[in-house]
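**Q**
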Amino acid sequence: MSTMKTTRDVKGVGVSIPRPDGPEKVTGRVQYVADIQPKGLLHAKLLRSPHAHARIISIDVSAAKALPGVRAVLTAKDIPHLKKKAPTRAHAVLAIDRAVFMGQPVAAVAADELSIAEEALDLIKVEYQVLAASIDPLKAMLPGAPPVADAGTEADTSEALAHSAVAIAKSEAPAKAVNISQQARLQRGDPAKGFAQSDHVLEKTYRVPMVHQGYLEAHAVLAEWDRNGLLTLWASTQGSFNTRSEVADVLGIPENRIRVIPVECGGGFGGKIRALCEPITAVLAQVTKRPVRYVMTRREELQAGMPAPQVIIKLKTGVKRDGTLMALDAETVIDSGAFSGAVLAVSAVFLGSMYKWPSFDIRGFEVLTHKPSVAAYRAPVAPQTIFAIESHMEQIARDLDLDSVEFRMRHLIQEGDPMVNGQPWQSNGAKQVLSRIAEHPHWKTRKQWVAAAGKNGKRRGVGLALGGWLGGLQPTGATVRLNPDGTLAVLTGQVDIAGTNISLAQIAASAYGVDTDLVRITTGDTDVAPMTGLSAGSKTIYTVGAAVLQAAEDARRQTFEIAAAELEASVHDLELVDGKVTVRGMPDKGITLATIGKKGNLYMSKTPPVLGKANPAFTQQAPAFAAQLARLEVDADTGEVTIQDFVIVQDVGKAINPLGVEGQMQGGAVQSLGIALTEGLIFDDSGRLTNPSLLDYRKLTAADLPNLETIIVEVPAPAG
Amino acid sequence: MAKQVLSCTVNGEAVDVLVQPYVTLLDALREDMGLTGPKEGCGTGDCGACTVHVDGKVVASCLMLAMQVRGRKIRTIEGLAAADTTLHPLQDAFVRLGVPQCGFCIPGVLMAAAALLEENPRPSEEEIRYGIAGNLCRCTGYTKMVAAISEAAGTLASQRSAR
Chain X
126 MSTMKTTRDV KGVGVSIPRP DGPEKVTGRV QYVADIQPKG LLHAKLLRSP
176 HAHARIISID VSAAKALPGV RAVLTAKDIP HLKKKAPTRA HAVLAIDRAV
226 FMGQPVAAVA ADELSIAEEA LDLIKVEYQV LAASIDPLKA MLPGAPPVAD
276 AGTEADTSEA LAHSAVAIAK SEAPAKAVNI SQQARLQRGD PAKGFAQSDH
326 VLEKTYRVPM VHQGYLEAHA VLAEWDRNGL LTLWASTQGS FNTRSEVADV
376 LGIPENRIRV IPVECGGGFG GKIRALCEPI TAVLAQVTKR PVRYVMTRRE
426 ELQAGMPAPQ VIIKLKTGVK RDGTLMALDA ETVIDSGAFS GAVLAVSAVF
476 LGSMYKWPSF DIRGFEVLTH KPSVAAYRAP VAPQTIFAIE SHMEQIARDL
526 DLDSVEFRMR HLIQEGDPMV NGQPWQSNGA KQVLSRIAEH PHWKTRKQWV
576 AAAGKNGKRR GVGLALGGWL GGLQPTGATV RLNPDGTLAV LTGQVDIAGT
626 NISLAQIAAS AYGVDTDLVR ITTGDTDVAP MTGLSAGSKT IYTVGAAVLQ
676 AAEDARRQTF EIAAAELEAS VHDLELVDGK VTVRGMPDKG ITLATIGKKG
726 NLYMSKTPPV LGKANPAFTQ QAPAFAAQLA RLEVDADTGE VTIQDFVIVQ
776 DVGKAINPLG VEGQMQGGAV QSLGIALTEG LIFDDSGRLT NPSLLDYRKL
826 TAADLPNLET IIVEVPAPAG
Chain D
136 MAKQVLSCTV NGEAVDVLVQ PYVTLLDALR EDMGLTGPKE GCGTGDCGAC
186 TVHVDGKVVA SCLMLAMQVR GRKIRTIEGL AAADTTLHPL QDAFVRLGVP
236 QCGFCIPGVL MAAAALLEEN PRPSEEEIRY GIAGNLCRCT GYTKMVAAIS
286 EAAGTLASQR SAR
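So the sequence lines, in the order shown, correspond to chains X and D.
Following my numbering from start to finish, the first sequence increments by one per residue and tops out at 845.
Following my numbering from start to finish, the second sequence increments by one per residue and tops out at 298.
1) Would you please state the rounded distance, in angstroms, between the beta carbons of X/Ala265 and X/Thr494? I believe it to be under 8 Å.
2) Counting only beta-carbon separations shorter than 8 Å, does D/Asp181 have a partner in chain X?
3) Any contact between the region 213-230 of chain X and the region 170-177 of chain X? By contact I mean 3 or more CB pairs, one from each, below 8 Å.
4) Cβ atoms of X/Tyr157 and D/Phe229: under 8 Å apart, would you say?
5) Just to confirm my understanding: we take X/Thr362, look at its own chain, exclude 5 residues before and 5 after, and list those with CB closer than 6 Å. What are they?
6) Compare the Cα-Cα distances from X/Asp454 to each of X/Ser465, X/Ala513, X/Val735, X/Glu425 and report the closest residue.
7) Quick one: which chain X residues come within Cβ less than 7 Å of D/Cys197?
8) Starting from the N-terminal side, write out each stretch of the alpha helix (DSSP H) that is 4 residues or longer and does not extend beyond the region 225-289 of chain D.
9) Would you list the one or two residues that DSSP bridges to X/Val492?
10) Whose C-beta lies closer than 7 Å to the C-beta of X/Ala233 among residues of the same chain, with five residues either side of it excluded?
11) Within its chain, find whatever has a CB closer than 6 Å to the CB of X/Leu718; leave out the 5 residues flanking it on each side and keep chain order.
12) Among all the DSSP beta bridges, which residues are the ones paired with X/Arg415?
13) Against chain D, does X/Ala828 count as a neighbour if the rule is that its beta carbon must be under 8 Å from one of theirs?
14) When burial is assigned at 16 or more other CB atoms within 10 Å of the CB, is X/Lys295 buried or exposed?
15) Pair every Cβ in the region 773-783 of chain X with every Cβ in the region 134-142 of chain X, then say whether three or more of these pairs are closer than 8 Å.
16) Under 8 Å: do the region 806-822 of chain X and the region 167-186 of chain D share three or more Cβ pairs, one atom per stretch?
17) Considering just the uninterrupted stretch of the alpha helix (DSSP H) at X/Gly799, what are its terminal residues?
18) Quick check on DSSP: helix, strand or coil for X/Lys705?
19) Between D/Leu200 and D/Leu252, how many whole angstroms is the CB-CB distance? I'm expecting something under 8 Å.
20) For X/Arg173, collect the residues of the same chain with a Cβ closer than 8 Å to its Cβ; drop the 5 residues on either side in sequence, then sort them by chain order.
21) For X/Asp526, which residues in chain D fall below 9 Å Cβ to Cβ?
22) Relative to the C-alpha of X/Val653, which residue among X/Thr604, X/Asp315, X/Glu758 is closest?
23) Please identify, using Cβ separations under 7 Å, the residues of the region 221-250 of chain D that lie next to chain X, in order along the chain.
24) Within a Cβ cutoff of 6 Å, which residues of the same chain sit near X/Gln509, ignoring the five residues on either side of it in sequence?
25) Within 10 angstroms of the Cβ of D/Tyr157, are there 16 or more other Cβ atoms? Answer buried if so, exposed if not.
26) Compare the C-beta of X/Pro272 against all C-beta atoms of chain D and say whether one is closer than 8 Å.
27) One question on the structure: do X/Leu347 and X/Arg418 come within less than 8 Å of each other, judged by their Cβ atoms?
28) Counting Cβ pairs closer than 8 Å, one from the region 757-774 of chain X and one from the region 585-592 of chain X, do we hit at least three?
29) Are X/Pro505 and X/Val471 closer than 8 Å when you measure CB to CB?
30) Based on DSSP bridge pairs, tell me the residues matched to X/Val230.
31) Closest by CA to X/Met479, which one among X/Lys572, X/Leu469, X/Glu540?
32) Give the C-beta separation of X/Ile511 and X/Val774 to the nearest angstrom, bearing in mind that I take them to be a contact with Cβ-Cβ under 8 Å.
33) Hey, how far is the Cα of D/Ile209 from the Cα of D/Pro224?
34) Could you give the residue range of the alpha helix (DSSP H) that holds X/Tyr637?
35) Can you check DSSP and say which residues form a bridge with X/Gly715?
36) Whose Cβ in chain X lies nearer than 9 Å to the Cβ of D/Ile209?
Right, dumping it as structure tokens:
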């Protein structure tokens, strides 16, 4: 990629600039889906299965339909195009003859008021035959376990494609066990020989429970059809084009009959990638010919959202006494809930590829259970996998009395090393972040700090770990327009869930050659914006940033061509300074951006309007690594853990907006701390969630945490 | 059920509004008065996104019936700044320090912080952390939030001493 050419230091890339949506957000003016109140609005509610697994014998909606204010009551029978063997959660709009997790929608109501819709749910009579359920994934894998999917249902690997994470590991033929929906195996060398030659063999099992992404804004959507049969969806989504494709597929209508308007998204973290309640809300709006809004309650989110999967990882490692790695044997079981869709390959890649194992045998299973189906959460299965391998590496170092940083550093991958699937690691900052955190005073003084514990009965510990992500890829597009007053308008379809818009504006500013405050960026809906991918996979700035960069360079080139003609000069002799294109060395000979912009919009003008565009696709991923350090105190009597200090060192490639980057690093760290310390969806043997409220599903508060120190490391990726 | 007249003061203005007797204060603010700044994050008083002031005290508006605020003074995020064109020092610090990410928790956090600073104008870091412990935020990790509240406390103190 070409380097940014600016003729002077504009306020662009690398500057901490507060997000322009800040004032709207601190005054409560920003509108989320639940804040939109069109005329004639109806409110939707879903009747959900009270059983994890049950046959639906009959549904009687007559009393609900008769309730004044109720506009529609739907069951699967009313949606004839619904088919059994739904491959994804979105396709399972309403349960047809069998409910496969507690909380699965069985009937839907639209009413004038939310309270009327709630009352109508109580009037729907469903006769269930409760069936035996598969809840524990290890038991669900066994032959004879109660089956979750209908025989012949295909595995869903679209999430893996969406994340562009890794070339899929070679899949094995579907197993005989009824609930194993995907499996894969990767091998290298001769692990049996490696174990035989090892001095130290360590076997451990690591378990991470199902956790909810915890976005504060629950799933919400507003749907309305016009008289021409065009559907508009106001959605809280991480990807409006993805939502459009999924809804079109589920409803069986062309994509150009659907317009998805991405409304401000109150957090997603992977949980708002896939469609969930959009199809049923669209059907309710179609039937009632009214705008219909559906907002999930928190209880529904916890019981029937799309959480991160429970992951169980068995690791067996063999090493020499001096720490030389010999063999790795690993088995990952991903509890995918009631529908397939987990990204199996990611676990294998991180188990076997972070450190250089000369031999390994890695097996992965996606298992279906009678629980809510899963989605990504800060990368699908990566945090869970890295927790396992990092805990294990630390334990090996301790067992052998090796320095845990030196041990890791000795075996850590670098650019060019093969991953488990044979592909080479791209340039990354794994070694840089690990060495940077090892220089931190908290690490250097760890022994003294631990020894200073004592009088209050609290014990101390200092630990560090490494983590990473491969970086996703997805084609995208952007336009950069010069306005008649010399300001710039950037258009993408990319949903801004992480403060990316200000960074994209900064990229456009630097590439074009103006200050960021002259650039306004708009996230367009699916009718108007260039097509783009998900705001997921840690790829928005890497990919959309490249599109915006190229589009801004294109706009600059067009601007200079117009200026060259006007000034009768060569484009090579021009420069852009303070909003004016001038001939280098002749500051008086110039034309302002406003003049060029105006010429592009004048009646009878022969000057084309400046419209830079780019629509790149990508081939080279940009893996990113982070290292984190914690100083903890543990109350030996109560087990209470207090985080005294926490340090995050992260390789971010290039920090376009350091202020935003720090916020991202801190938020992500606290999410992982939540998984480590307090969070988990706890299901009983019947598949009932035992903690369906934020009182019992305990997220970390400000009072649980110290200030989080952030250290940004910049290891550039070759492709940007 | 017949709607009832709720008379109260909202953001400094006397209000008479028809509400169902069973609706929460949050729903009355959002649905009947068009004040959508307070958010519903859980509906059970656990997340703090619906935080407003009732007679100067912090209240989870999802846990209070609308008719319970008859004759009382309500302040929402829409009434935190002195005027539509200005920002309260807390809001200003939140913007400059880059606190809001998704923004959904922010109205509630700001109302909790404003009540804290009215009660305790110079809180310690720990007091700030406990002051907003009833407000869940998933994006920020709270670090910048705590710094912004601390900075705003200083700004408010110097404004007071200048008066």
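Cβ atoms here follow ideal geometry from the backbone N, Cα and C, with glycine treated the same way.
Because the structure is a prediction, the values reported are computed rather than measured.
**A** If we stick to the structure as given:
1) 5 Å
2) yes
3) yes
4) no
5) Thr368, Pro387, Lys397
6) X/Ala513
7) Simply none; closest approach about 10 Å.
8) 241-254, 260-266
9) X/Ile305, X/Asp460
10) Ala169, Leu171, Leu199, Leu219, Ile405, Leu409
11) Gly611, Gly704
12) DSSP, once it has assigned bridges, lists no residue as partnering X/Arg415.
13) yes
14) Because the pLDDT at X/Lys295 is just 48, under 50, the model does not fix this residue reliably, and the value given afterwards should be weighed accordingly. That one is exposed.
15) yes
16) yes
17) 783-802
18) strand
19) With 8 Å as the limit, D/Leu200 and D/Leu252 do not qualify as a contact, their Cβ atoms being about 28 Å apart.
20) Met227, Gly228, Gln229, Pro230, Val231, Glu425, Gln428, Ala429
21) Going along chain D, no residue has its Cβ under 9 Å from X/Asp526, so there is no contact; the nearest lies around 35 Å.
22) X/Thr604
23) Leu222, Gln226, Phe229, Val230, Arg231, Gly233, Pro235, Gln236, Cys237, Gly238, Phe239, Cys240, Ile241, Pro242, Leu245
24) Val333, Val436
25) exposed
26) no
27) yes
28) yes
29) yes
30) Checking the displayed sequence, the identity of residue 230 of chain X turns out to be Pro instead of Val. Partner(s): X/Arg173.
31) X/Glu540
32) With a Cβ gap of about 15 Å, X/Ile511 and X/Val774 do not count as contacting.
33) 20 Å
34) 625-637
35) X/Thr707
36) The premise fails here: D/Ile209 is roughly 14 Å from chain X at the closest Cβ pair, so nothing lies under 9 Å.
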